[in-house]
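Chains A and B, in that order, are what the protein sequence lines are.
Here the first sequence stands for residues 14 to 292, numbered as in my numbering.
Here the second sequence stands for residues 8 to 168, numbered as in my numbering.
From the three backbone atoms N, C-alpha and C, an ideal C-beta is built for every residue, glycine too.
First up is the structure itself, then whatever we jot down about it.
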Amino acid sequence: MHTEAAERLVPTPYVVRDAWQETHNVVSLELAPEGDGVLEPCAPGQFNMLWAFGAGEAPISASSVGASGSAVLHTIRQAGNVTRALCAAAPGDVIGLRGPFGRGWPLERARGRDVIVMAGGIGLAPLRPVLEHLETFRDDFGRVTLLYGTRSPEDILFRGELENWRGRFDFDVQVTVDTAVRGWASNVGAVTELLPRAVFEPERSMALLCGPEIMMRFCIQALRGRGVPPEWIHLSMERNMKCAVGLCGHCQWGADFVCKDGPVFPLDRIEGRLSVRER
Amino acid sequence: MKIKSIDALLNEHPFFEGMRPEWLELISGCGRNVAYRPGETIASEGKPCNEFFAVRRGQVAIEIYSPGAGACTIQTLGDGAILGWSWILPPYVWMFDIRAIETTHAVHFDTTCLRDKCDESPEMGYEFMRRFAAVMSDRLRATRLQLLDVYGNSGRAHGSG
Ligand SMILES: Cc1cc2nc3c(=O)[nH]c(=O)nc-3n(C[C@H](O)[C@H](O)[C@H](O)COP(=O)(O)OP(=O)(O)OC[C@H]3O[C@@H](n4cnc5c(N)ncnc54)[C@H](O)[C@@H]3O)c2cc1C
Ligand code: FES
């Protein structure tokens, strides 16, 4: 086995410095190195493997680039055993981390272009670092649009940040939910319904998508309908993982390993495989 | 302030984009400018529907009332939306309540008048229905996505991220 890859299979202990509930089933963890071992920081869109001792490991994206010092921030939605254990972690608990892995969002390529960020549910977490980057380097980009869809008003993530971005005159932020009772003063409907109202130049835009695959397929149709070329649409793909370093083949998807060639892919590279089901 | 004519307003609305000027002029004879304050009811479930609205600016909620649960918003629509197609097919009644969330400016169409004009000019009628079908198909697609509850807990519904 390649030594470097083998080294990347060994988790580094990180301690939970802070943990807070984002919604009823989503928790954010601020993790700091417990000893001398420190991981490289994740670039926007990259992920770490988080090991909940006794439960197992799960790929989780960095949800902010703003954590202080060598700390990392992850936002986790309870899906099954591993994520349930991670969501239950309390300050002082130790979690094993491996990473950072994968290719993130191609923000350098997006310079000078309008940027459309389309997020669904927990998919806003891997895109928050993108929005932080756009905020910091605002002058390097054209129009910035965030279209975020989630299940109900109670499921909205990062409310504080959404308010801040909405308050900026140079960010267009639209949130929609699938259902709401009267009193909710914003949009109800699919995230694709927000697109016709968004102002951008399709030929010189980059779209970044993260959310359930079905949602992304609908978003792709809507973006293509507006004239955004496939090479300028990028998606973060969800595929089960084990080693995360391109050794086990668990995440193989056509000619690519999602763990190392992705998770972010340009649409022109993967379009033909989008409907292929996971093994 | 200069008040725009109805066909000038329609010219700016995406639904009517590229329509022949003589048709726009004909159609605009059936339209009138309307505005609703936030909270105001635009249409009520079960009432006869001989109308539709081309929303110019604002936001409206399509709601359904269920005893015990109160009013539930099914969808919201904003600038450039077309509101109401119950006038096309029997029983010609509104299926939902429509309420303004924000101050909403729209062109209201009398569909009895419009149907007469479409009968006089079948070519225009066909074009009109084609555009309506596109709106309905878009709305249906979006509703399907909404019904799938993709962000819910069932199966692999949480998405990457
Ligand atoms: C690159 C990448 C980045 C991710 N980033 C985040 C993140 O920032 N926050 C977050 O909450 N989740 C993220 N996920 C999803 C997360 O890894 C899975 O929810 C987790 O692995 C499920 O493990 P579990 O043991 O809790 O659930 P399991 O018991 O394994 O599964 C519960 C349900 O989740 C589904 N599932 C399992 N693994 C995955 C997976 N990898 N992707 C999608 N669905 C899966 C299963 O089919 C099942 O329906 C990411 C996934 C990938 C591939
Ligand atoms: S997870 Fe092992 S090759 Fe990708």
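Asked, Found
"C-beta neighbour in chain B for Phe-231/A, strict 8 Å", "yes"
"Cutoff 6 Å; reference Thr-150/B; Cβ partners in own chain excluding five residues on either side", "none"
"Environment of Pro-24/A [buried if 16+ CB atoms lie within 10 Å]", "buried"
"CA-to-CA distance, Glu-70/A to Ala-19/A, given in whole angstroms", "16 Å"
"Separation of Gly-65/B from Ser-35/B, as counted between CA atoms", "21 Å"
"8 Å contact criterion, which Arg-151/A and Phe-213/A should meet: CB distance rounded", "Actually they do not touch by this definition, with Cβ atoms about 16 Å apart."
"Positions along the stretch 25-45 of chain B whose CB lies within less than 8 Å of some CB in chain A", "none"
"Classification of Arg-179/A by the beta-carbon crowding that lies within 10 angstroms, buried from 16 upward", "exposed"
"Residues near Arg-163/B by beta carbon distance below 6 Å, same chain, minus five either side", "Residue placement at Arg-163/B cannot be trusted, given a pLDDT of 45 that sits under 50; what the coordinates show is reported in the next sentence. So the list is empty, once near-sequence residues are dropped."
"For Gly-202/A, the residue or residues it bridges with in DSSP", "Beta-bridge pairing links Gly-202/A to no other residue."
"Segments of 3+ residues assigned as beta strand (DSSP E) that fall wholly inside the stretch 124-194 of chain A", "127-133, 157-163 and 184-190"
"8 Å Cβ shell around Leu-31/B - same chain, five flanking residues per side excluded", "Asp-14, Leu-17, Asn-18 and Phe-23"
"Whole-angstrom distance between Asp-106/A and Ser-167/B, CA atom to CA atom", "A caution first: Ser-167/B carries a pLDDT of 44, below 50, which makes its placement in the model too unreliable to give a value."
"Check: His-115/B C-beta below 7 Å from any heavy atom of ligand 2", "no"
"Gln-265/A versus Glu-43/A: straight-line alpha-carbon distance, rounded", "31 Å"
"Secondary structure of Val-100/B, DSSP reduced to three states", "strand"
"Simplified DSSP state of Met-26/B, which is helix, strand or coil", "coil"
"Opening and closing residue of the alpha helix (DSSP H) in which Gly-238/A lies", "226-239"
"First and last residue of the uninterrupted beta strand (DSSP E) at Asp-31/A", "25-36"
"CB contact below 8 Å: Ala-78/B versus chain A", "yes"
"Residue-level contact to chain A via CB, Ala-50/B, 8 Å cutoff", "no"
"Neighbour-count burial assignment, Val-194/A, 16 or more Cβ in a 10 Å radius", "exposed"
"Proximity below 8 Å, CB of Val-157/B to CB of Met-228/A", "yes"
"Where Gly-48/A meets chain B, residues with beta-carbon distance less than 7 Å", "Near Gly-48/A there are no residues of chain B at all, since even the closest Cβ is about 30 Å away, more than 7 Å."
"Boundaries (first-last residue) of the alpha helix (DSSP H) holding Val-142/B", "129-154"
"Classification of Asn-61/A by the beta-carbon crowding that lies within 10 angstroms, buried from 16 upward", "buried"
"C-beta neighbour in chain B for Met-62/A, strict 8 Å", "no"
"Heavy atom of ligand 2 within 7 Å of Cys-264/A beta-carbon", "yes"
"Cβ neighbour criterion (16 or more within 10 Å) applied to Glu-70/B", "buried"
"Residues bridged to Met-219/A (per DSSP)", "Val-128/A"
"Chain A contacts made by the stretch 89-116 of chain B, where a contact means CB separation under 7 Å", "Ile-108"
"Residue from Tyr-161/A, Gly-109/A, Gly-82/A and Pro-26/A with nearest C-alpha to Ala-132/A", "Tyr-161/A"
"Endpoints, the alpha helix (DSSP H) within which Asn-61/A is located", "Careful: Asn-61/A lies outside any alpha helix (DSSP H), inside the beta strand (DSSP E) at 60-65."
"Three-state secondary structure (DSSP) of Ala-15/B", "helix"
"Interface residues of chain A facing Asp-86/B [CB-CB closer than 7 Å]", "Arg-210"
"Heavy atom of ligand 1 within 7 Å of Ile-108/A beta-carbon", "no"
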